[in-house]
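Student: After the structure tokens below, expect a handful of questions from me.
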Amino acid sequence: NNNGADSGWEAKAVEFFKDHLKEKEARTLVPSLNDVPLHYLKPNSLVKFRCLIQDMFDPEFYMGVYETVDPRLKAKVLRCGKYRDVTECGVDFNSRNTVTAERQTFYCVPVPGENTWVKDISSQARVVPSTSYAPSRQKRSYEEDDDMDDMDTQPQKQRETHGGSQTHSEQHHGNGDCKRQETEAPSNQTASASHLDLNFPLPGEKGPSCLVKVYQDWDGFKLNDVLEVFGILSVNHTTSYSSSSLLDPADSMETAEEQRVHCPPASLVPRLHMLYAKPLPHNNPLLPPTGLEDNSAFLSSTLSEMASVRAELLAYFTHVLLGDALAAEYLILHLISTVYARRDVLPLGKFTLNLSGCPTAASYTERLYQIIQQLVPSSFYLPMSLQNMNQMRLVPKKDYVANRLVSGALQLARNTSLFLDETQLEQGQLDTTGVRNVTALGNLISWQKVDYDFNYHQMEFPCNINVVIASEGRSLLPSDCQIRLQSQVAPAHMDEYLSAVHMHPQASSQLNKFRMYLSVARQLDYSISDEVTKSVEDDFVDMRKDDPQSVSAEDFHRLLVVARLLSLSLGQTSLSTDTWSRAKHLDMLRTSRMEQHKCVNGNEP
Numbered sequence: 001n002n003n004g005a006d007s008g009w010e011a012k013a014v015e016f017f018k019d020h021l022k023e024k025e026a027r028t029l030v031p032s033l034n035d036v037p038l039h040y041l042k043p044n045s046l047v048k049f050r051c052l053i054q055d056m057f058d059p060e061f062y063m064g065v066y067e068t069v070d071p072r073l074k075a076k077v078l079r080c081g082k083y084r085d086v087t088e089c090g091v092d093f094n095s096r097n098t099v100t101a102e103r104q105t106f107y108c109v110p111v112p113g114e115n116t117w118v119k120d121i122s123s124q125a126r127v128v129p130s131t132s133y134a135p136s137r138q139k140r141s142y143e144e145d146d147d148m149d150d151m152d153t154q155p156q157k158q159r160e161t162h163g164g165s166q167t168h169s170e171q172h173h174g175n176g177d178c179k180r181q182e183t184e185a186p187s188n189q190t191a192s193a194s195h196l197d198l199n200f201p202l203p204g205e206k207g208p209s210c211l212v213k214v215y216q217d218w219d220g221f222k223l224n225d226v227l228e229v230f231g232i233l234s235v236n237h238t239t240s241y242s243s244s245s246l247l248d249p250a251d252s253m254e255t256a257e258e259q260r261v262h263c264p265p266a267s268l269v270p271r272l273h274m275l276y277a278k279p280l281p282h283n284n285p286l287l288p289p290t291g292l293e294d295n296s297a298f299l300s301s302t303l304s305e306m307a308s309v310r311a312e313l314l315a316y317f318t319h320v321l322l323g324d325a326l327a328a329e330y331l332i333l334h335l336i337s338t339v340y341a342r343r344d345v346l347p348l349g350k351f352t353l354n355l356s357g358c359p360t361a362a363s364y365t366e367r368l369y370q371i372i373q374q375l376v377p378s379s380f381y382l383p384m385s386l387q388n389m390n391q392m393r394l395v396p397k398k399d400y401v402a403n404r405l406v407s408g409a410l411q412l413a414r415n416t417s418l419f420l421d422e423t424q425l426e427q428g429q430l431d432t433t434g435v436r437n438v439t440a441l442g443n444l445i446s447w448q449k450v451d452y453d454f455n456y457h458q459m460e461f462p463c464n465i466n467v468v469i470a471s472e473g474r475s476l477l478p479s480d481c482q483i484r485l486q487s488q489v490a491p492a493h494m495d496e497y498l499s500a501v502h503m504h505p506q507a508s509s510q511l512n513k514f515r516m517y518l519s520v521a522r523q524l525d526y527s528i529s530d531e532v533t534k535s536v537e538d539d540f541v542d543m544r545k546d547d548p549q550s551v552s553a554e555d556f557h558r559l560l561v562v563a564r565l566l567s568l569s570l571g572q573t574s575l576s577t578d579t580w581s582r583a584k585h586l587d588m589l590r591t592s593r594m595e596q597h598k599c600v601n602g603n604e605p
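Quick note on numbering: full-length UniProt numbering labels position 116 of the sequence shown as 116, and the sequence is numbered without any gaps.
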């Protein structure tokens with residue numbers, strides 16, 4: 001729209017997209033940056049992007065309305081600068097009709113640790129881009145690297161022309177040869193992806209990162225939110241300031257380092273001008289994207305099958321956990337746990353599981369992680385070797401020179417499964433970084449928060465991450481529940497047994513049932529009636545009467561969490577006295593197993 005003056009057209013346009021994008025059909029028609037290589041997407045078209053807000057840059061100014069002069073016709077035309085990076089040529093900088101506006105920029109990355117099955121299912125519904133669009137504009141950079149997905153593993157192949165800052169005055173170019181300015185940067189200004197750290201939280205991640213330009217309600221977004229963003233794709237190359245530019249580069253407040261970080265080449269980090277963004281309650285493509293409450297038919301059919309799917313999953317996990325059915329029960333409860341509320345500093349509902357007694361033979365812990373990876377949408381395997389603890393960056397840190405948040409492995413989306421493998425920890429000394437990293441993991445487990453490092457102070461970011469710790473003895477880290485694995489498999493047969501688990505993988509329809517089950521159970525509402533609350537409290541008083549030493553308030557709290565998760569795992573959204581009894585029975589079996597082990601082995605280190 002070139003009428004410039006804001007006649008309410010924008011609100012109508014945004015409303016139009018919001019309404020239409022709520023319909024499932026319309027959403028599947030929009031191509032996704034997650035699935036389609038960038039060079040197949042048409043510039044200035046509508047695309048979507050499933051992502052996490054990794055950083056928020058300072059607000060920037062742009063020409064919301066400006067006037068251009070056509071030198072041939074001497075005619076003035078009002079133009080709108082919204083939803084685009086580059087202005088038309090012939091801008092009249094003295095025009096009284098110029099309106100400077102403000103927008104916010106979010107640096108967004110694909111959901112960290114998103115598993116292959118999620119990407120595969122999401123991309124099966126992917127839109128094939130228009131064949132009428134020939135990806136010629138960026139051809140050179142992409143012929144050298146056919147697939148955008150290899151950007152991380154083959155950084156030296158990615159060469160791209162790149163110019164100067166796009167913030168504040170990226171639209172304020174007044175170059176005469178305007179078309180050249182947009183499409184062809186001078187060939188000597190090359191920058192490759194190897195010089196560009198895309199700041200993914202987890203090592204080895206692939207996929208595009210994106211600068212999302214937000215025009216309204218940006219206060220409604222938080223760091224680490226997971227969104228599906230719908231917006232106008234911009235991949236313009238803007239050239240550096242030249243002598244003909246009306247703005248002196250010295251006027252820019254940004255350092256060269258900041259410009260490099262905030263203005264990477266658009267062919268590597270495209271710009272997405274947001275029209276609408278939907279917060280994602282989960283990233284499981286098998287579930288309705290809007291959540292369960294709006295999909296009563298889906299919910300009721302799923303609930304009716306919960307108990308039978310649970311029984312199948314329990315049998316599968318028993319097999320994977322070397323014949324230990326009790327450990328399998330607890331693994332299910334752990335995988336559906338989530339922080340549902342916070343009371344003061346206490347996160348309620350978390351259920352960190354320490355699976356001790358793990359065999360070190362046959363790469364057992366890694367194989368166990370691979371099974372979990374097949375079932376949950378996002379996960380990360382962290383071997384707690386001395387080298388990893390002493391060298392990895394787990395906690396994000398503010399870089400004041402480049403003015404950005406340098407990511408760390410604990411900057412994860414809610415409900416990511418974090419698998420800590422303590423069987424990898426060998427004898428040796430933790431250095432300062434190692435101690436800091438182990439402390440950060442302890443705080444994450446106990447308080448579900450990560451203290452980001454802002455040099456002179458720390459800033460607390462609440463999180464909701466499912467942590468399981470696999471260890472030989474009791475873990476060094478805190479946990480909500482420890483269960484000792486009782487293997488029914490002789491060590492000599494371990495390799496053979498485990499290869500059989502992998503040799504007959506569940507049929508994909510069966511896997512999909514398990515994937516849906518775990519995600520749905522985690523999202524269900526839960527309540528306890530006054531009547532059951534009273535009977536549970538009376539029960540606690542009776543348990544204390546029998547043996548005040550054996551049941552602490554902490555034990556009671558854990559029992560309540562187990563009862564809650566047990567109910568949800570059966571598809572029951574309120575606690576019954578039967579389920580309460582079953583929860584007590586499970587906990588009694590677990591604690592008596594721990595006592596037995598202590599008696600046989602003395603106090604475990």
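The beta-carbon is built from N, C-alpha and C at its ideal position, and this holds for glycine as well.
Once DSSP output is grouped into helix, strand and coil, what is the label at Tyr62?
Tutor: It is a strand residue.
Student: Using only the alpha-carbon positions, how far apart do Tyr582 and Ala563 sit?
Tutor: Per the sequence shown, the amino acid found at residue 582 is Arg instead of Tyr. Computed Cα separation, rounded: 8 Å.
Student: Compare the beta carbon distance of Val401 and Glu257 with 8 Å and say whether it is the shorter of the two.
Tutor: Yes.
Student: Taking Glu10 as the reference, give the member of Ala75, Asp219, Tyr276 and Val229 with the closest Cα.
Tutor: Comparing Cα positions, the closest option is Tyr276.
Student: Check Tyr241 in the structure and name its three-state DSSP category.
Tutor: In this prediction, Tyr241 scores a pLDDT of 29, lower than 50, which makes its location untrustworthy; the coordinate-derived value is nonetheless stated afterwards. Correct three-state label for Tyr241: coil.
Student: Which runs of the alpha helix (DSSP H) spanning at least 4 residues fall entirely within the region 334-370, listed in chain order?
Tutor: None, since the region 334-370 contains no complete alpha helix (DSSP H) of that length.
Student: How far does the beta strand (DSSP E) with residue 642 in it extend, from its first residue to its last?
Tutor: With the chain covering 1 to 605 only, the question about residue 642 has no answer from this structure.
Student: Would Arg474 be called buried (16 or more neighbouring beta carbons within 10 Å of its own) or exposed?
Tutor: Classification of Arg474: buried, given that the 10 Å Cβ count is 16 or more.
Student: In the DSSP assignment, find the unbroken alpha helix (DSSP H) run with His262 in it and report its ends.
Tutor: That run of the alpha helix (DSSP H) goes Ala256 to His262.
Student: How would you call Ser165, buried or exposed, if buried means at least 16 neighbouring beta carbons within 10 angstroms?
Tutor: Confidence is the limiting factor: at Ser165 the pLDDT is only 32, short of 50, which leaves the residue's position unreliable, though a coordinate-based value still follows. Buried.
Student: Spell out a yes or no on whether the region 390-398 and the region 412-422 are touching, meaning 3 or more CB-CB pairs, one atom from each, closer than 8 Å.
Tutor: The region 390-398 is not in contact with the region 412-422.
Student: Here's the rule: buried if 16 or more other CB atoms are within 10 angstroms of the residue's CB, otherwise exposed. What is Ser529?
Tutor: Exposed: under 16 other Cβ atoms inside 10 Å.
Student: Can you tell which of Cys210, Pro347 and Ala75 has its C-alpha closest to the C-alpha of Ala266?
Tutor: Considering only alpha carbons, the answer is Cys210.
Student: Could you please give the first and the last residue of the uninterrupted beta strand (DSSP E) stretch that includes Gly231?
Tutor: Gly231 -> beta strand (DSSP E) spans Val226 to Ser234.
Student: CA-CA distance, Gly323 and Val309?
Tutor: Going by the C-alpha atoms only, they are around 19 Å apart.
Student: For Val214, count neighbouring C-beta atoms within 10 Å of its own C-beta (all shown protein chains included) and say buried if the count is 16 or more, exposed if not.
Tutor: Counting Cβ neighbours within 10 Å, Val214 comes out buried, since at least 16 surround it.
Student: How is Ser535 classed by DSSP in three states: helix, strand or coil?
Tutor: Correct three-state label for Ser535: helix.
Student: Suppose you measure from the CA of Asn34 to the CA of Lys76; what does that come to, to the nearest Å?
Tutor: Rounded to the nearest angstrom, the two C-alpha atoms are 41 Å apart.
Student: Can you tell me where the beta strand (DSSP E) with Met594 in it begins and where it stops?
Tutor: Segment Thr577 to Asn601 is the alpha helix (DSSP H) holding Met594; no beta strand (DSSP E) there.
Student: Residues bridged to Pro279 by DSSP?
Tutor: Per DSSP, Leu227.
Student: Can you give the Cα-Cα distance for Val99 and Tyr62, rounded to whole angstroms?
Tutor: Their Cα atoms are separated by approximately 9 Å.
Student: Sort Gln572, Leu566, Val65 and Lys22 by Cα distance to Leu326 and report the nearest one.
Tutor: Comparing Cα positions, the closest option is Leu566.
Student: Give a yes or no on whether the C-beta atoms belonging to Gln448 and Val339 are separated by under 8 Å.
Tutor: Their beta carbons are under 8 Å apart, which means Gln448 touches Val339 by this criterion.
Student: To the nearest angstrom, report how far apart Leu272 and Asp217 are at their CA atoms.
Tutor: The straight-line gap from Cα to Cα measures roughly 16 Å.
Student: Who are the Cβ neighbours of Val489 in its own chain at under 7 Å, not counting the five residues just before and after it?
Tutor: Once the five neighbours on either side are set aside, the close Cβ partners of Val489 are Leu322, Gly323 and Tyr497.
Student: Is the beta carbon of Asn284 sitting closer than 8 Å to the one on Arg515?
Tutor: Going by C-beta atoms, Asn284 is nearer than 8 Å to Arg515.
Student: Taking all protein chains shown into account, decide if Lys74 is buried (16 or more other Cβ within 10 angstroms of its Cβ) or exposed.
Tutor: The residue in question, Lys74, is exposed, as its Cβ has fewer than 16 Cβ neighbours within 10 Å.
Student: If you count every other CB in all the chains shown that lies within 10 Å of the CB of Thr360, and 16 or more means buried, which is it?
Tutor: Exposed, because fewer than 16 other Cβ atoms sit within 10 Å of the Cβ of Thr360.
Student: Does the separation of the CB atoms of Leu485 and Gly357 fall below 8 Å?
Tutor: Closer than 8 Å, so yes.
Student: Which residues share a DSSP beta bridge with Leu52?
Tutor: Val109 and Val226.
Student: Between the Cα of Gln374 and those of Ala13, Phe200 and Asn512, spot the shortest distance and give me the residue it belongs to.
Tutor: The residue with the shortest Cα to Cα distance from Gln374 is Asn512.
Student: Exposed or buried, Thr116, counting other C-beta atoms within 10 Å across all chains shown (16 or more means buried)?
Tutor: Thr116 should be labelled exposed.
Student: Once you ignore the five residues that flank His597 on each side, which residues in its own chain have a CB closer than 6 Å to its CB?
Tutor: Once the five neighbours on either side are set aside, the close Cβ partners of His597 are Arg484.
Student: Tell me whether Phe317 is buried or exposed, calling it buried when 16 or more other Cβ atoms sit within 10 Å of its Cβ.
Tutor: Per the 10 Å Cβ criterion, buried.
Student: Smallest Cα separation from Asp292: which of Thr28, Gln523, Val450 and Ile336?
Tutor: First, the residue type needs correcting, since residue 292 is Leu and not Asp in the sequence shown. Considering only alpha carbons, the answer is Gln523.
Student: Do you know offhand how far Leu29's Cα is from Glu228's?
Tutor: The straight-line gap from Cα to Cα measures roughly 14 Å.
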